[in-house]
Amino acid sequence: MINTLVKLSWVFLKIGTFSFGGGIVIIPLVENEVVVKYGWLTKTEFVDAVTLGQITPGPVIVSATFIGYKACGILGAIVSTLSVILPSFVMICLATAAIKKFRENKTLANFLRGARVAVIGMVFDAGVSIGRSSLVDIKTILIVGMSIICLFKYKVNPIWIILGAGIVGLAT
Amino acid sequence: MEQKTREQAEKLYMRGLHVFARSADTESLELVAELWQDAWESYRKIGDKSKARDLEKSLAALYKKKYLKVQETRERQGGIIRKFKDWFMFFKIGCFGFGGPMAVFSLLQDELVREKKILTDKDFLEGAVLGDVLPGPVTMDIVTYTGYKLKKWFGALISTLVFILPSFVLMIILAILYNRYSITPKVEEVFRCLGAAVTGLILSVGLKLSKTEMKDYRELCILIWAFASALIFKLDIVVIVGFAGLVGIIVYHDDTEKQQVK
Numbered sequence: 001m002i003n004t005l006v007k008l009s010w011v012f013l014k015i016g017t018f019s020f021g022g023g024i025v026i027i028p029l030v031e032n033e034v035v036v037k038y039g040w041l042t043k044t045e046f047v048d049a050v051t052l053g054q055i056t057p058g059p060v061i062v063s064a065t066f067i068g069y070k071a072c073g074i075l076g077a078i079v080s081t082l083s084v085i086l087p088s089f090v091m092i093c094l095a096t097a098a099i100k101k102f103r104e105n106k107t108l109a110n111f112l113r114g115a116r117v118a119v120i121g122m123v124f125d126a127g128v129s130i131g132r133s134s135l136v137d138i139k140t141i142l143i144v145g146m147s148i149i150c151l152f153k154y155k156v157n158p159i160w161i162i163l164g165a166g167i168v169g170l171a172t
Numbered sequence: 173m174e175q176k177t178r179e180q181a182e183k184l185y186m187r188g189l190h191v192f193a194r195s196a197d198t199e200s201l202e203l204v205a206e207l208w209q210d211a212w213e214s215y216r217k218i219g220d221k222s223k224a225r226d227l228e229k230s231l232a233a234l235y236k237k238k239y240l241k242v243q244e245t246r247e248r249q250g251g252i253i254r255k256f257k258d259w260f261m262f263f264k265i266g267c268f269g270f271g272g273p274m275a276v277f278s279l280l281q282d283e284l285v286r287e288k289k290i291l292t293d294k295d296f297l298e299g300a301v302l303g304d305v306l307p308g309p310v311t312m313d314i315v316t317y318t319g320y321k322l323k324k325w326f327g328a329l330i331s332t333l334v335f336i337l338p339s340f341v342l343m344i345i346l347a348i349l350y351n352r353y354s355i356t357p358k359v360e361e362v363f364r365c366l367g368a369a370v371t372g373l374i375l376s377v378g379l380k381l382s383k384t385e386m387k388d389y390r391e392l393c394i395l396i397w398a399f400a401s402a403l404i405f406k407l408d409i410v411v412i413v414g415f416a417g418l419v420g421i422i423v424y425h426d427d428t429e430k431q432q433v434k
C-alpha cells in the first residue's frame, strides 16, 4: 500500500509539474500513466473520472482525487490531490514573491503589460469555444444573452447566474 | 491678567505631559490633545507666538501618534473577522465554480476585484499571466496567487486548500458512489445550460477587463491578435502570452516613463 501511495504521489507530482495551460491538456498524459502504465483504472473508468472531474466545481485536475481513491482508498485520494496541486502551488508562490521584487524592472513591466492584454484575448477565446459547444438552441442563446446583460449592466453576483442556469437545466 | 493666563497655560501643558508620560493608549492621547489645545489657545490669546508655535509642533506630533494608534486598534479588531471572511470567500468560489476554469475566473474577478477590492484589475491579470505561464490550472493558480498576496505562504496554503476542499469532498463522495453502484450522473442538459451561463459570464468578464485595460490601438491590436491566434491557429497559450509579452517590451519601450507618471 505504501508502495502504491508513493507511486501515486510521484505520478501526480509529475503531472502537476507539466500541466501547462490547465486541465484538458494533460488528460492524455494522465491516461498514459494511470491506465496504460500502472493499470489503476480501466479505460472506461478513466473516461468517467474525467467526466466527474468536470462535474465537480473545481478544476478538472480534481479527477486526481477519483483516480487516487480508485487506486488506494481515501488515503490515495488525499495523497494524489495534494501531489497534483503541490508543484504549481510552490511555483506560484515563488513567482509572486519574485514579481514583487522585479516590478521596478521596466522590461518586465512592459512584458506584463503586453501579456495582460493577451490574457483578455484568451478570455474571449474561451468564451467563444465554450459557447460553440453549448449554444445549441434558443434556450441556451437566451441564457447567454441574459447573463451578459445581468452581469455587465446590472452587476449581479455571478453565483446567482450559475445557480439559475443550473435550475433551468434541471427543470427542462 | 496676562500673567495668570500664562501660568494656567503652563499648568495645562504640564498636566498633558504627565498624562502622556504615564500611558500612551488612545484615551489618554485624546486627553493630552485636549489639554494642549487649551494651552495653545491661552498662549495665542496673550500673544506669545513662539510658545504657541512650540505647542503646535507637539500637537502635530501627538495627532500623528494618535492617528497611528487608532489605525492599529482598528486593524486588530477587524483582523479576525476579515480574515475569516476572506477564507470563506475562497470556499464559496470553490463550491460554485461549475462549468470549468473560466467560470471560476469570472467568479474570482467579481469577488476579488469588484466586491472586496483586494486586487486591482492589473493585479488580477498578472495573476492570470502567471497562471498561464506556469503549470497547473489557471484558476487554482490565481487563488494561490491571491492568497500569497494577502498573507504570504500561509495565505497561499489556506486559500488553495480551502478552494480545493469542496471539489475534493464531492469527488470522494462521487467516487464512493461510483465504486458501489457504478453510477455516473446523467446531467447533459444541466451542463448545456451551465455552459451557456458560463459563456455569458466569460464574455462579460472579457468586456469588463478590456474596459480597464484598453488604452489605445496597440492594446487592441494585441488583443485581436491573441484572440485570433488562439481561436483560428490554436496556438499554445504559453506561446501566445509569452509572445504578447515580448511585443509589449518592444511597443511600450519608449513610453514607460509616461506610464509611470500616470
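In order, the protein sequence lines correspond to chains A and B.
Everything in the first sequence is counted per our numbering, starting at 1 for the first residue and increasing by one.
Everything in the second sequence is counted per our numbering, starting at 173 for the first residue and increasing by one.
Positions of the beta carbon are idealized from the N, C-alpha and C atoms, including for glycine.
Only a predicted model underlies this, so the values are computations on that prediction, with no experimental measurement involved.
Helix, strand or coil at residue i [DSSP, three-state]
{"i": "K158(A)", "result": "One point to set straight first is that residue 158(A) is Pro, not Lys, in the sequence displayed. Helix, per DSSP."}
{"i": "P307(B)", "result": "strand"}
{"i": "F296(B)", "result": "helix"}
{"i": "S195(B)", "result": "coil"}
{"i": "P338(B)", "result": "helix"}
{"i": "L291(B)", "result": "coil"}
{"i": "M312(B)", "result": "helix"}
{"i": "V190(A)", "result": "No answer is possible for residue 190(A): it lies beyond the span of chain A, which begins at 1 and ends at 172."}
{"i": "K269(B)", "result": "This sequence places Gly at residue 269(B); Lys is not what is there. Three-state DSSP puts G269(B) in coil, outside helix and strand."}
{"i": "L142(A)", "result": "helix"}
{"i": "P87(A)", "result": "helix"}
{"i": "M186(B)", "result": "helix"}
{"i": "M261(B)", "result": "helix"}
{"i": "M1(A)", "result": "coil"}
{"i": "D48(A)", "result": "helix"}
{"i": "Q432(B)", "result": "With a pLDDT of 45 at Q432(B), under the threshold of 50, the modelled position of this residue cannot be trusted, and the question is left open."}
{"i": "T332(B)", "result": "helix"}
{"i": "T42(A)", "result": "coil"}
Cβ distance (whole Å) where residue i is taken to contact residue j below 8 Å
{"i": "L297(B)", "j": "L381(B)", "result": "7 Å"}
{"i": "A398(B)", "j": "G121(A)", "result": "3 Å"}
{"i": "I99(A)", "j": "G16(A)", "result": "Actually they are not in contact, since the Cβ atoms of I99(A) and G16(A) sit about 21 Å apart, beyond 8 Å."}
{"i": "V128(A)", "j": "L379(B)", "result": "The pair is not a contact, with the Cβ atoms about 13 Å apart (cut-off 8 Å)."}
{"i": "S331(B)", "j": "V315(B)", "result": "5 Å"}
{"i": "M1(A)", "j": "C72(A)", "result": "6 Å"}
{"i": "V90(A)", "j": "D304(B)", "result": "Not confirmed; about 17 Å, so no contact."}
{"i": "L302(B)", "j": "A97(A)", "result": "With 8 Å as the limit, L302(B) and A97(A) do not qualify as a contact, their Cβ atoms being about 11 Å apart."}
{"i": "I338(B)", "j": "P158(A)", "result": "One detail in the question is off: residue 338(B) reads as Pro in this sequence, not Ile. No, P338(B) and P158(A) are not in contact; Cβ-Cβ is about 16 Å, not under 8 Å."}
{"i": "M241(B)", "j": "L201(B)", "result": "Per the sequence shown, residue 241(B) should be read as Lys rather than Met. Yes, K241(B) and L201(B) are in contact; Cβ-Cβ is about 6 Å, under 8 Å."}
Nearest residue (CA-CA) to residue i, options the options
{"i": "D220(B)", "options": "L207(B), E179(B) and L201(B)", "result": "E179(B)"}
{"i": "G327(B)", "options": "A402(B), M261(B), P338(B) and K183(B)", "result": "M261(B)"}
{"i": "A400(B)", "options": "D125(A), I67(A) and D137(A)", "result": "D125(A)"}
{"i": "I394(B)", "options": "G127(A), G164(A), L86(A) and A115(A)", "result": "A115(A)"}
{"i": "R187(B)", "options": "E174(B), Y424(B) and V204(B)", "result": "V204(B)"}
{"i": "T81(A)", "options": "M312(B), D282(B), L403(B) and L291(B)", "result": "M312(B)"}
{"i": "D293(B)", "options": "G303(B), C365(B) and D282(B)", "result": "D282(B)"}
{"i": "Y178(A)", "options": "I344(B), I412(B), K241(B) and T371(B)", "result": "Residue 178(A) is absent from the structure shown; chain A starts at 1 and stops at 172."}
{"i": "P87(A)", "options": "V156(A), G166(A), T51(A) and S9(A)", "result": "S9(A)"}
{"i": "G417(B)", "options": "F111(A), N105(A) and T42(A)", "result": "F111(A)"}
{"i": "F12(A)", "options": "V419(B), K289(B) and G308(B)", "result": "G308(B)"}
{"i": "G166(A)", "options": "S339(B), V370(B) and Y353(B)", "result": "V370(B)"}
{"i": "S134(A)", "options": "L302(B), C365(B) and Y317(B)", "result": "C365(B)"}
{"i": "I421(B)", "options": "A109(A), K153(A), K139(A) and E45(A)", "result": "A109(A)"}
{"i": "I143(A)", "options": "G367(B), L291(B), G266(B) and D295(B)", "result": "G367(B)"}
{"i": "I141(A)", "options": "V156(A), W160(A), V168(A) and V119(A)", "result": "V168(A)"}
{"i": "I336(B)", "options": "I290(B), K324(B), C267(B) and E287(B)", "result": "C267(B)"}
{"i": "S83(A)", "options": "G73(A), I159(A), K106(A) and L5(A)", "result": "L5(A)"}
{"i": "A300(B)", "options": "K383(B), Y424(B), N351(B) and V410(B)", "result": "V410(B)"}
{"i": "N351(B)", "options": "K106(A), L41(A) and G131(A)", "result": "L41(A)"}
{"i": "L349(B)", "options": "A49(A), K43(A) and V79(A)", "result": "A49(A)"}
{"i": "I412(B)", "options": "L201(B), A193(B), H425(B) and I396(B)", "result": "I396(B)"}
{"i": "N3(A)", "options": "V156(A), L75(A) and R113(A)", "result": "L75(A)"}
{"i": "K217(B)", "options": "Y235(B), Y353(B), E174(B) and W259(B)", "result": "E174(B)"}
Residue i CB to nearest heavy atom of the ligand GDP below 7 Å
{"i": "F326(B)", "result": "Of the ligands one can find in the structure shown there are none, so the ligand GDP has no counterpart to examine."}
Cβ shell of residue i (< 7 Å), same chain only, five flanking positions each side left out
{"i": "S278(B)", "result": "L373, I374 and V377"}
{"i": "L392(B)", "result": "M386"}
{"i": "F46(A)", "result": "E31, V34 and V35"}
{"i": "L143(B)", "result": "Residue 143(B) lies beyond the range of chain B shown here (173 to 434); nothing can be said about it."}
{"i": "A77(A)", "result": "T65, G68 and Y69"}
{"i": "I161(A)", "result": "S147, C150 and L151"}
{"i": "T384(B)", "result": "D293"}
Chain-order list of residues whose beta-carbon lies under 8 Å from that of residue i (same chain, five-residue window excluded)
{"i": "K223(B)", "result": "A181 and Y215"}
{"i": "Y185(B)", "result": "L207, W208, A211 and L227"}
{"i": "L231(B)", "result": "A205, W208, Q209 and W212"}
{"i": "G131(A)", "result": "V144"}
Same chain, Cβ closer than 6 Å to residue i, neighbours up to 5 away in sequence not counted
{"i": "F263(B)", "result": "V334"}
Contacts of residue i in chain E (Cβ-Cβ under 8 Å)
{"i": "I290(B)", "result": "The structure shown contains no chain E; its protein chains are A and B."}
* Unbroken stretches of the alpha helix (DSSP H), 4 residues or longer, contained in the segment 349-412 of chain B -> Entirely contained in the segment 349-412 of chain B, the alpha helix (DSSP H) runs reaching 4 residues are, in chain order, 360-385 and 389-403.
* Jot down the residue ranges of each uninterrupted beta strand (DSSP E) in the segment 92-131 of chain A, minimum 3 residues, whole runs only, in chain order. => None, since the segment 92-131 of chain A contains no complete beta strand (DSSP E) of that length.
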